[in-house]
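*Asks:* What follows is a structure written as structure tokens; I'll ask about it next.
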Amino acid sequence: MKADALTGALTRPARDAPESRIVEVAAYGRDREDVVPLWVGEGDRPTPAFICDAAARSLEAGETFYTYQRGIPDLRTALADYHTALFGGSFSDDRFYVTGSGMQAIQHAVRMVAGAGEEILVPTPAWINIIAATGINGARPVEIPLTYSADGWTLDLDRVAASITPKTRAIFFNSPGNPTGWVADEAMLRAVYDLAQRHGLWILADETYSRYYYGDAERAPSFYDFAPADARILYVNTFSKNWAMTGWRVGWISAPPELGQVVENLIQYSTSGVPVFMQRACVAALRDGEDFVADQVARARAGRDLLSQALADAGCFRFAEPAGAFYHFFAIDGQPDTLKLGLRLVDEAGVGLAPGDAFGSAGAGFLRLCFLRSADQLEVAAERLRDWARKQ
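Take the sequence shown: its position 200, counting from 1, is numbered 206 in my numbering, and each next residue is one higher.
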């Protein structure tokens, strides 16, 4: 049977799930040892030993059985303690739910608030997976383009308000943002919250990069700073970035405890829970990982500064210095097709970058570079990009 006949028999959301352009470029250059791989959102450090050792002890203890759907009690308590220390106030462990990755947290959050024919507003450029997750669920992502200038990316709240329709169910809000590094201040967060309140909308708050903030505080502004515990906000997060655990695929949802059975049901009918040994590793990350996180953020800041200087010195790149996350999002004059450009840069410059239009139409013409890497790698990548650009 021909492939088109087989795919034609599938559901439209499954057929229409977009291919990842980031993966396309990465797959093209993955086996090239001469390429500096800065295309995906992870650093170059493996998970630290104190986290791995906790998982190994759990395996040695025989913790290989089914477990709590919402997460083991120790991890939910550790999450509550972590949030209390980071945001102040008091967090109860019954508002935290452990998921099989931050991506699964997003998928569950989308399923909870928007169904077929309904809409979620997504400021873009944004990580493509939220757009895809919305579509796969049968809902429609509505892009709200951020505005670029050399001073930074900005969100026009009037444009957000004008995009709300009777079908709108939620606003997805990622700050600090991937890929732009844009960070919403508290005034913007309050304005978005008030807008959502007026229209009865949910907020899906992705605070994955909260710790990667280059302002004066140890974290970025958050809805936690003012929103009540029972607000219509589903917070999604992951262990991937702070603790170098991208391959572990563990995340969490923070939501009002009244939603606990709903979240548990969604976990039950997807993965039936996260393996205990992985959760033990996450407990160790939360309880013993603050020094590691601080060092991760310091490395990211150094990488940001190195790349900012290098791109500025070259004189042919357009960018706004990121205020958070660990990506530079920049454009090269005269190079609008960044998918083709990403493939070319693998061959011609030996640098692997993510094409900007992988992050929505507002990312067209830009490239994303992950700078949570060693200074040596970043210096090589910067020199190669400068040399390539000067030859064009």
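Quick reminder that beta carbons are idealized off the backbone N, C-alpha and C, glycines included.
Is the distance from the Cβ of Phe-372 to the Cβ of Pro-131 below 9 Å?
*Replies:* For the purposes of this step, residue 372 is taken as residue 366 along the sequence shown, with counting starting at 1. For the purposes of this step, residue 131 is taken as residue 125 along the sequence shown, with counting starting at 1. In this structure, Pro-131 lies closer than 9 Å to Phe-372 by Cβ.
*Asks:* For Thr-13, does the three-state DSSP call read helix, strand or coil?
*Replies:* Against the sequence shown, residue 13 aligns to sequence position 7. DSSP places Thr-13 in helix when its eight states are reduced to three.
*Asks:* Between the C-alpha atoms of Arg-396 and Asp-319, what's the straight-line distance to the nearest angstrom?
*Replies:* Numbered from its first residue, the sequence shown carries residue 396 at position 390. Numbered from its first residue, the sequence shown carries residue 319 at position 313. Computed Cα separation, rounded: 12 Å.
*Asks:* Buried or exposed: which applies to Asp-191, given that a residue is buried once 16 or more other Cβ atoms fall within 10 Å of its Cβ?
*Replies:* Taking the sequence shown and counting its residues from 1, the one referred to as residue 191 is at position 185. Classification of Asp-191: exposed, given that the 10 Å Cβ count is below 16.
*Asks:* Counting only C-beta atoms, is Met-118 closer than 9 Å to chain D at any point?
*Replies:* As a matter of chain content, chain D is missing from the structure shown, which is built from one protein chain.
*Asks:* Just to confirm, is the Cβ distance from Tyr-218 to Gln-315 under 9 Å?
*Replies:* Residue numbering aside, residue 218 sits at position 212 when the sequence shown is read from its first letter. Residue numbering aside, residue 315 sits at position 309 when the sequence shown is read from its first letter. No, Cβ-Cβ distance for Tyr-218 and Gln-315 is not below 9 Å.
*Asks:* Note down, in chain order, each residue of its chain lying with its Cβ closer than 8 Å to the Cβ of Thr-160, except the 5 sequence neighbours on either side.
*Replies:* For the purposes of this step, residue 160 is taken as the residue at position 154 of the sequence shown. Leu-152, Thr-153, Trp-188.
*Asks:* Which residues bound the alpha helix (DSSP H) around Ile-134?
*Replies:* For the purposes of this step, residue 134 is identified with residue 128 of the sequence shown, where counting begins at 1. It spans 134-142 - the alpha helix (DSSP H) in which Ile-134 sits, taken as one unbroken run.
*Asks:* Output the boundary residues of the beta strand (DSSP E) element that contains Asp-100.
*Replies:* Within the sequence shown, residue 100 is the residue found at index 94, counting from 1. Here Asp-100 belongs to no beta strand (DSSP E), and DSSP marks it neither H nor E.
*Asks:* So, with DSSP's three-state summary, where would you put Pro-263?
*Replies:* Numbered from its first residue, the sequence shown carries residue 263 at position 257. If DSSP states are grouped into helix, strand and coil, Pro-263 belongs with the helices.
*Asks:* In terms of DSSP beta bridges, what is Leu-373 paired with?
*Replies:* Your numbering for residue 373 matches position 367 in the sequence shown. Phe-336, Pro-361.
*Asks:* Classify Glu-125 as helix, strand or coil using the three-state DSSP reduction.
*Replies:* Position 119 of the sequence shown, counting from 1, holds the residue named residue 125. Strand, per DSSP.
*Asks:* How would you label Asn-271, buried or exposed, when you count the other beta carbons within 10 angstroms and need 16 or more for buried?
*Replies:* Position 265 of the sequence shown, counting from 1, holds the residue named residue 271. Asn-271 comes out exposed.
*Asks:* Evaluate the contact criterion for the stretch 347-367 versus the stretch 31-50: three or more CB pairs, one atom per stretch, below 8 Å.
*Replies:* yes
*Asks:* Could you check the C-alpha separation between Thr-17 and Ala-138 for me, to the nearest Å?
*Replies:* In the sequence shown, residue 17 corresponds to position 11, counting from 1. In the sequence shown, residue 138 corresponds to position 132, counting from 1. Spanning the two alpha carbons is a distance of roughly 15 Å.
*Asks:* Helix, strand or coil for Gly-330, going by three-state DSSP, please let me know.
*Replies:* In the sequence shown, counting from the first residue as 1, residue 330 sits at position 324. For Gly-330, the three-state secondary structure derived from DSSP is strand.
*Asks:* Please list the terminal residues of the continuous beta strand (DSSP E) segment that includes Tyr-2.
*Replies:* The structure shown does not extend to residue 2, since the chain is modelled only from 7 to 398, so the question has no answer here.
*Asks:* Determine the contact status of Pro-227 and Ser-181, defining contact as a CB-CB distance below 9 Å.
*Replies:* Along the sequence shown, read from residue 1 onward, the residue named residue 227 stands at position 221. Along the sequence shown, read from residue 1 onward, the residue named residue 181 stands at position 175. Yes, the Cβ-Cβ distance between Pro-227 and Ser-181 is below 9 Å.
*Asks:* Express the C-alpha separation of Val-352 and Thr-73 in angstroms, rounding to a whole number.
*Replies:* Here residue 73 is taken as the residue at index 67 of the sequence shown, counted from 1. Here residue 352 is taken as the residue at index 346 of the sequence shown, counted from 1. Taking C-alpha positions only, Thr-73 is separated from Val-352 by approximately 44 Å.
*Asks:* Within the stretch 195-227, note down every full beta strand (DSSP E) run reaching 3 residues or more, in order along the chain.
*Replies:* 208-212
*Asks:* Check this for me: beta carbons of Trp-6 and Thr-83, under 9 Å apart or not?
*Replies:* Residue 6 is absent from the structure shown; the chain starts at 7 and stops at 398.
*Asks:* Am I right that Tyr-215 and Lys-247 are in contact with their C-beta atoms under 8 Å? What's the rounded C-beta distance?
*Replies:* Along the sequence shown, one-based indexing puts residue 215 at 209. Along the sequence shown, one-based indexing puts residue 247 at 241. Yes, Tyr-215 and Lys-247 are in contact; Cβ-Cβ is about 6 Å, under 8 Å.
*Asks:* How would you write the range of the alpha helix (DSSP H) that Glu-296 sits in, first residue to last?
*Replies:* To locate residue 296, count along the sequence shown from 1; it is residue 290. Glu-296 -> alpha helix (DSSP H) spans 296-320.
*Asks:* Could you tell me the distance, in whole angstroms, from the CA atom of Gly-144 to the CA atom of Ala-331?
*Replies:* The residue you call residue 144 lines up with position 138 of the sequence shown. The residue you call residue 331 lines up with position 325 of the sequence shown. When rounded, the distance between both Cα atoms is 30 Å.
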